[in-house]
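In our numbering, the protein residues as written are 27 to 177.
Okay, here's the thing in C-alpha coordinates:
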(Lines of atoms letter the chains of each structure in order from A and count residues from 1; the text may use other names and numbers.)
(Lines give C-alpha, C1' and ligand atoms only; values in the text may rest on other atoms or scores of the structure.)
Protein backbone atom coordinates (compact mmCIF):
# COMPACT_ATOMS: atom_id res chain seq x y z
CA UNK A 1 0.00 0.00 0.00
CA UNK A 2 3.00 2.33 0.09
CA UNK A 3 2.98 3.22 -3.60
CA UNK A 4 -0.68 4.42 -3.73
CA UNK A 5 -0.04 6.45 -0.56
CA UNK A 6 2.99 8.18 -2.06
CA UNK A 7 1.23 8.87 -5.36
CA UNK A 8 -1.84 10.24 -3.54
CA UNK A 9 0.40 12.49 -1.43
CA UNK A 10 2.35 13.74 -4.47
CA UNK A 11 -0.78 14.22 -6.63
CA UNK A 12 -2.21 16.53 -3.99
CA UNK A 13 0.85 18.78 -4.35
CA UNK A 14 0.24 19.35 -8.06
CA UNK A 15 -1.59 22.55 -9.04
CA UNK A 16 -5.00 21.99 -10.65
CA UNK A 17 -5.13 18.33 -9.50
CA UNK A 18 -4.64 19.07 -5.79
CA UNK A 19 -6.88 17.05 -3.50
CA UNK A 20 -9.77 17.09 -6.00
CA UNK A 21 -7.94 14.41 -7.93
CA UNK A 22 -5.81 12.91 -5.17
CA UNK A 23 -8.64 11.74 -2.90
CA UNK A 24 -10.51 9.79 -5.62
CA UNK A 25 -7.21 8.40 -6.94
CA UNK A 26 -6.17 7.20 -3.48
CA UNK A 27 -9.45 5.40 -2.88
CA UNK A 28 -9.44 3.84 -6.36
CA UNK A 29 -5.82 2.73 -5.75
CA UNK A 30 -6.86 0.87 -2.60
CA UNK A 31 -6.50 3.33 0.27
CA UNK A 32 -9.35 3.84 2.70
CA UNK A 33 -11.29 7.09 2.36
CA UNK A 34 -9.70 8.30 5.61
CA UNK A 35 -6.15 7.48 4.45
CA UNK A 36 -6.70 9.18 1.08
CA UNK A 37 -8.22 12.25 2.78
CA UNK A 38 -5.35 12.68 5.26
CA UNK A 39 -2.60 12.10 2.68
CA UNK A 40 -4.25 14.47 0.20
CA UNK A 41 -4.75 17.23 2.76
CA UNK A 42 -1.15 17.02 3.99
CA UNK A 43 0.22 16.80 0.45
CA UNK A 44 -1.91 19.76 -0.66
CA UNK A 45 -0.73 21.90 2.25
CA UNK A 46 2.99 21.07 2.15
CA UNK A 47 4.03 23.52 -0.61
CA UNK A 48 1.75 26.35 0.52
CA UNK A 49 4.00 28.13 3.06
CA UNK A 50 6.80 28.23 0.49
CA UNK A 51 4.44 29.64 -2.14
CA UNK A 52 3.11 32.37 0.15
CA UNK A 53 6.60 33.42 1.26
CA UNK A 54 8.60 33.12 -1.98
CA UNK A 55 6.19 33.68 -4.89
CA UNK A 56 6.89 37.39 -5.30
CA UNK A 57 10.67 36.89 -5.20
CA UNK A 58 10.52 34.02 -7.68
CA UNK A 59 8.25 36.04 -10.00
CA UNK A 60 10.71 38.97 -9.94
CA UNK A 61 13.57 36.64 -10.80
CA UNK A 62 11.62 34.85 -13.57
CA UNK A 63 10.72 38.16 -15.23
CA UNK A 64 14.41 38.86 -15.84
CA UNK A 65 15.14 35.51 -17.51
CA UNK A 66 13.05 35.58 -20.71
CA UNK A 67 10.02 37.06 -22.42
CA UNK A 68 8.26 33.68 -22.21
CA UNK A 69 8.73 33.48 -18.44
CA UNK A 70 7.61 37.09 -18.11
CA UNK A 71 4.39 36.24 -20.01
CA UNK A 72 3.84 33.22 -17.74
CA UNK A 73 4.24 35.41 -14.65
CA UNK A 74 1.79 37.92 -16.12
CA UNK A 75 -0.79 35.14 -16.64
CA UNK A 76 -0.37 33.94 -13.06
CA UNK A 77 -0.66 37.47 -11.72
CA UNK A 78 -3.81 38.00 -13.80
CA UNK A 79 -5.27 34.83 -12.28
CA UNK A 80 -4.50 36.17 -8.81
CA UNK A 81 -5.99 39.57 -9.69
CA UNK A 82 -9.19 37.89 -10.86
CA UNK A 83 -9.64 36.29 -7.43
CA UNK A 84 -8.24 38.97 -5.14
CA UNK A 85 -11.43 41.04 -4.79
CA UNK A 86 -13.09 38.26 -2.78
CA UNK A 87 -10.08 38.03 -0.50
CA UNK A 88 -9.70 41.80 -0.09
CA UNK A 89 -13.31 42.22 1.09
CA UNK A 90 -13.13 39.74 3.94
CA UNK A 91 -9.56 38.58 4.18
CA UNK A 92 -9.83 35.38 6.26
CA UNK A 93 -13.20 34.14 5.03
CA UNK A 94 -12.59 35.29 1.47
CA UNK A 95 -9.30 33.38 1.27
CA UNK A 96 -10.86 30.35 2.97
CA UNK A 97 -13.77 30.33 0.49
CA UNK A 98 -11.43 30.71 -2.49
CA UNK A 99 -9.51 27.65 -1.33
CA UNK A 100 -12.55 25.65 -0.17
CA UNK A 101 -14.58 25.71 -3.37
CA UNK A 102 -13.36 22.64 -5.29
CA UNK A 103 -13.68 24.08 -8.79
CA UNK A 104 -11.08 24.85 -11.48
CA UNK A 105 -9.27 28.09 -10.74
CA UNK A 106 -9.60 27.70 -6.97
CA UNK A 107 -7.70 25.71 -4.36
CA UNK A 108 -4.66 26.00 -2.14
CA UNK A 109 -2.26 27.01 -4.93
CA UNK A 110 -4.56 29.80 -6.10
CA UNK A 111 -5.12 30.88 -2.50
CA UNK A 112 -1.38 30.99 -1.87
CA UNK A 113 -0.84 32.97 -5.08
CA UNK A 114 -3.53 35.50 -4.11
CA UNK A 115 -2.14 35.77 -0.56
CA UNK A 116 1.34 36.41 -1.95
CA UNK A 117 0.08 39.04 -4.42
CA UNK A 118 -1.73 40.79 -1.56
CA UNK A 119 1.42 40.65 0.59
CA UNK A 120 -0.42 38.71 3.29
CA UNK A 121 1.78 37.45 6.08
CA UNK A 122 2.06 33.69 6.33
CA UNK A 123 0.62 33.64 9.86
CA UNK A 124 -2.55 35.35 8.52
CA UNK A 125 -2.86 33.39 5.27
CA UNK A 126 -2.06 29.88 6.48
CA UNK A 127 -5.02 29.35 8.88
CA UNK A 128 -7.49 30.37 6.16
CA UNK A 129 -5.80 28.13 3.59
CA UNK A 130 -5.69 25.17 6.00
CA UNK A 131 -9.37 25.54 6.81
CA UNK A 132 -10.19 25.94 3.12
CA UNK A 133 -8.28 22.77 2.22
CA UNK A 134 -10.08 20.83 4.96
CA UNK A 135 -13.47 22.08 3.74
CA UNK A 136 -12.56 21.26 0.13
CA UNK A 137 -11.48 17.78 1.21
CA UNK A 138 -14.79 17.21 2.99
CA UNK A 139 -16.73 18.48 -0.04
CA UNK A 140 -14.79 16.30 -2.50
CA UNK A 141 -15.07 13.24 -0.26
CA UNK A 142 -18.78 13.76 0.38
CA UNK A 143 -19.61 14.36 -3.28
CA UNK A 144 -17.56 11.35 -4.34
CA UNK A 145 -18.30 8.81 -1.60
CA UNK A 146 -21.37 10.08 0.25
CA UNK A 147 -22.05 11.88 3.49
CA UNK A 148 -21.01 9.00 5.73
CA UNK A 149 -17.58 8.49 4.13
CA UNK A 150 -15.63 10.49 6.71
CA UNK A 151 -17.49 9.29 9.78
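Each residue gets a CB set at the ideal place from its N, CA and C atoms; glycine is no exception.
- With a 10 Å radius around the Cβ and a threshold of 16 neighbouring Cβ atoms, residue 124 comes out buried.
- For residue 165, the CB contacts under 6 angstroms within the same chain, skipping 5 residues up- and downstream, are 128 in chain order.
- The straight-line gap separating the alpha-carbon atoms of residue 154 and residue 117 is approximately 9 angstroms.
- Shown here, residue 57 sits in coil according to DSSP, grouped into three states, outside any helix or strand.
- Boundaries of the alpha helix (DSSP H) harbouring residue 150: 148 to 171, taken from the DSSP string.
- Here DSSP, grouped into helix, strand and coil, assigns residue 90 to coil.
- In the same chain as residue 41, and ignoring 5 residues on each side of it, the C-beta atoms closer than 6 angstroms to its own belong to 135, in chain order.
- Setting aside the 5 residues that flank it on each side, residue 171 is surrounded in the same chain by 53 and 59, each with a C-beta closer than 8 angstroms to its C-beta; the list follows chain order.
- In the DSSP assignment, residue 142 falls within the alpha helix (DSSP H) that extends over 134 to 143.
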